[in-house]
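These notes are about the structure you will find just below.
There are 2 protein chains.
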Amino acid sequence: MTSPENLMPDPAVIGRAGSYSKGVARRQEILDRAGEVFRERGAEGTSLRQIAQAIGVSHAALLHYFESREQLLVAVYEHAESKRDTSRMYGDSISSVDVLVKAAMINLGVPGMVELYTTLVATALAVDGSPSNTFFASRFARIRDELTERLAREQSEGTVRDDVEPADIAALLIAASDGLQIQWLLEPSIELERTLETFTVLLAPRP
Amino acid sequence: MTSPENLMPDPAVIGRAGSYSKGVARRQEILDRAGEVFRERGAEGTSLRQIAQAIGVSHAALLHYFESREQLLVAVYEHAESKRDTSRMYGDSISSVDVLVKAAMINLGVPGMVELYTTLVATALAVDGSPSNTFFASRFARIRDELTERLAREQSEGTVRDDVEPADIAALLIAASDGLQIQWLLEPSIELERTLETFTVLLAPRP
DNA sequence: GTCTATACGTCGATAGAC
DNA sequence: GTCTATCGACGTATAGAC
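Listed in order, the protein sequences are those of chains A and B.
Residues in the first sequence are numbered from 1 upward in steps of one, following the numbering used here.
Residues in the second sequence are numbered from 1001 upward in steps of one, following the numbering used here.
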């Protein structure tokens, strides 16, 4: 469908960057296909060999575009997340809580997404300088910062109570959203949306 | 130090249960040693063969007491958690939030504990009838129930606002605690204790 | 009952041919 | 750029020593 050559960036340009020196278009193609594999087969069948077979290449071929299985998995998650980035697609009209709620609902709608996320977080905690570790450390920092800013603005507008630290609430909201998605997968009766929305009540300005 | 025979329960009793028919005392010994291995070597070296080597037996020996590596890991977590069970060791005098805060602080003080927890949760999400899946599904249900009851009592006592559902707050508190421990491991500057304690403010009765 | 030895299939990763 | 071949380590299973 897509012709790799047409999408190839200037080698002189990508050569400078270094990390993209291995062919970008084919890389994207692999990420798309690998993402589908995850959606269809859940979090199982995530071995390099199985992914390669589903794509139609040898597992060694995948390692030409990604230095390791872990880097591939991180790239798959990053790729899937970027296609539906929630933090930047809403204006100031939507509340912080609703940003998290919407992101969580989208997440749960993609089979295998929370499994992949949790798996990668687990390896991020285990190995200190690993690709997962680097990715999630900066991801959490970025999301916390964005949410903190949004909450601070809401406090100044008077829509969020101002007797709590925006940075604390940001970390709390993200943690609650992550943790609730896990609990929901293990017990779907907990009604994630309404439960997370309870924060709206907790954060309402005091009369 | 301990003599296995003295700690052996009546074979007639454990025979009925079925699951403990493989020697209880030695099993406990293995769990203790395996727990130490986790504490010392972090979340790495968690393969059957490495654990076995650290204990001083062949890896096949471990499978005499545990049906699979996953069951061993679950048992190690369960064993370590039971030694410092937080939910039942406090009376009604301590608040729900503080129960969670204390549990989280203890957790973070044990190296490898959150890594092991997160790893097992990841496999619990991935494979539906797996040992991890069964264990964590019932564990979350139990903890939610206990916390819900405690919160409902606090509401009737007037120490927690009564315009929110106790069950929702329970799920939210557990999720926030789990998520914050992960964030703290990736960014220790977030001050988990104070951040989680913010819930005390959010849950204070409305004036 | 407790354990060692061993074998099987799969894994991530690497080397080298084309 | 992609393949095959190969490596060491893994989880699991079984046979059999004691």
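Just so you know, even glycine gets a beta-carbon here, dropped at the ideal spot from N, CA and C.
- Distances from the alpha-carbon of A:T123 to those of B:A1124, B:T1119 and B:L1125 put B:T1119 closest.
- The beta carbon of B:N1133 lies closer than 7 Å to those of A1124 and V1127 in the same chain, with the five residues before and after it left out.
- Nearest Cα to A:H64 within the set A:V101, A:T46 and A:R26: A:R26.
- Annotation for B:T1195: the continuous alpha helix (DSSP H) segment containing it runs L1192 to L1202.
- Contact of A:Q183 with chain B by beta-carbon distance below 9 Å involves F1140, R1144, A1171, I1174, A1175 and D1178.
- Residue contact check for B:L1186 against chain A: a CB pair falls below 7 Å.
- Nearest to A:P131 by C-alpha distance, out of A:I143, A:P207, A:V74 and A:Y90, is A:V74.
- Judged by DSSP in its simplified three-state form, A:E146 adopts helix.
- Here the C-alpha atom of A:R206 lies approximately 7 Å from the C-alpha atom of B:R1206.
- Within chain A, the residues placing a beta-carbon under 7 Å from that of B:I1190 are A171, ordered along the chain.
- Within the same chain, and ignoring the five residues on either side of B:L1100 in sequence, the residues whose Cβ sits closer than 6 Å to its Cβ are L1173 and S1177.
- Per DSSP, reduced to three states, the secondary structure at B:F1066 is coil, with no helix or strand assignment.
- Under the Cβ criterion of 7 Å, B:L1125 is counted among the residues facing chain A.
- What B:L1202 touches in chain A, judged by beta-carbon distance under 8 Å, is V164, L202 and L203, going in chain order.
- The segment 95-109 of chain A and the segment 184-204 of chain A touch, with three or more beta-carbon pairs separated by less than 8 Å.
- For A:D98, not one C-beta of chain B is nearer than 7 Å to its own C-beta.
- Around B:R1039, no beta-carbon contact reaches into chain A at under 8 Å, the shortest distance being about 14 Å.
- Sequence-distant Cβ neighbours of A:G35 in its own chain, meaning closer than 7 Å and more than five residues away, are V76, H79 and A80.
- Close to chain A, meaning a Cβ-Cβ distance shorter than 7 Å, are the following residues of the segment 1106-1125 of chain B: V1114, E1115, T1118, T1119, V1121, A1122, A1124 and L1125.
- B:S1156 has its alpha-carbon roughly 32 Å from the corresponding atom of B:L1108.
- In the DSSP assignment, A:D98 falls within the unbroken alpha helix (DSSP H) covering S96 to G109.
- DSSP places B:P1207 outside both helix and strand once states are collapsed to three, so it counts as coil.
- By the rule that beta-carbons nearer than 7 Å mark a contact, B:D1128 does not touch chain A.
- In its chain, beyond the 5 residues on either side, V99 have a beta carbon closer than 7 Å to the beta carbon of A:Y90.
- Not one beta carbon of chain B lies nearer than 7 Å to the beta carbon of A:F135.
- From the beta-carbon of B:D1085, no residue of chain A is found nearer than 7 Å; the closest lies around 20 Å away.
- Under a criterion of Cβ atoms nearer than 8 Å, the residues of chain A adjacent to B:R1206 are, in order, R206 and P207.
- In the DSSP assignment, B:V1114 falls within the unbroken alpha helix (DSSP H) covering M1113 to A1126.
- Rounded to the nearest whole angstrom, the CA to CA distance from B:R1069 to B:L1186 is 27 Å.
- Going by beta carbons, B:R1084 and B:I1106 fall inside the 7 Å limit.
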